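Student:
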Amino acid sequence: MVKETKYYDLLDASPDASEAELKKAYRKKALRLHPDKGGDPEQFKEVTHAYVLFSYKCTICVKLTLFCQIRSPF
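Residues 90 to 163 in our numbering are what the sequence shown spells out, letter by letter.
#1: Going by Cα to Cα distance, which pick from 114, 139, 120 is closest to residue 96?
#2: Are the Cβ atoms of residue 120 and residue 132 separated by less than 7 Å?
#3: Let me know the secondary structure DSSP gives residue 104 once reduced to three states.
#4: By how many angstroms is the C-alpha of residue 103 removed from the C-alpha of residue 90?
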């Protein structure tokens with residue numbers, strides 16, 4: 090949980106942020122930190138890593154929910 094909180098802090102997002110809010114926060118932060126815009130490449134990598142983890146987590150949750158609905162006879 091400590092590491093996950095760090096990722097929310099990197100994105101300047103709250104832990105109860107929706108997927109859309111996380112995406113918006115990432116885009117805003119990535120634009121500011123992008124190396125082509127004069128930002129720090131290491132910070133950009135950290136922010137991108139945090140967003141990728143959240144995106145993957147959201148995707149897995151959706152797939153598991155759909156799988157459980159398909160498999161459940163009730």
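For glycine and all other residues, C-beta sits at the position ideal for the given N, C-alpha and C. Computed from a predicted structure; not experimentally measured.
Tutor: In terms of the structure at hand:
#1: Counting from 1 along the sequence shown, the entry for residue 96 is found at position 7. With distances taken between Cα atoms, residue 96 lies closest to 139.
#2: Numbered from 1 along the sequence shown, position 31 holds the residue referred to as residue 120. Numbered from 1 along the sequence shown, position 43 holds the residue referred to as residue 132. When the beta-carbon positions are compared, residue 120 and residue 132 stay at least 7 Å from each other.
#3: In the sequence shown, counting from the first residue as 1, residue 104 sits at position 15. Reduced to three states, the DSSP call for residue 104 is coil.
#4: Along the sequence shown, one-based indexing puts residue 90 at 1. Along the sequence shown, one-based indexing puts residue 103 at 14. Below a pLDDT of 50, predicted positions are generally treated as unreliable, and residue 90, at 42, falls in that range; the measurement from the model is reported next regardless. Approximately 13 Å between the Cα atoms of the pair.
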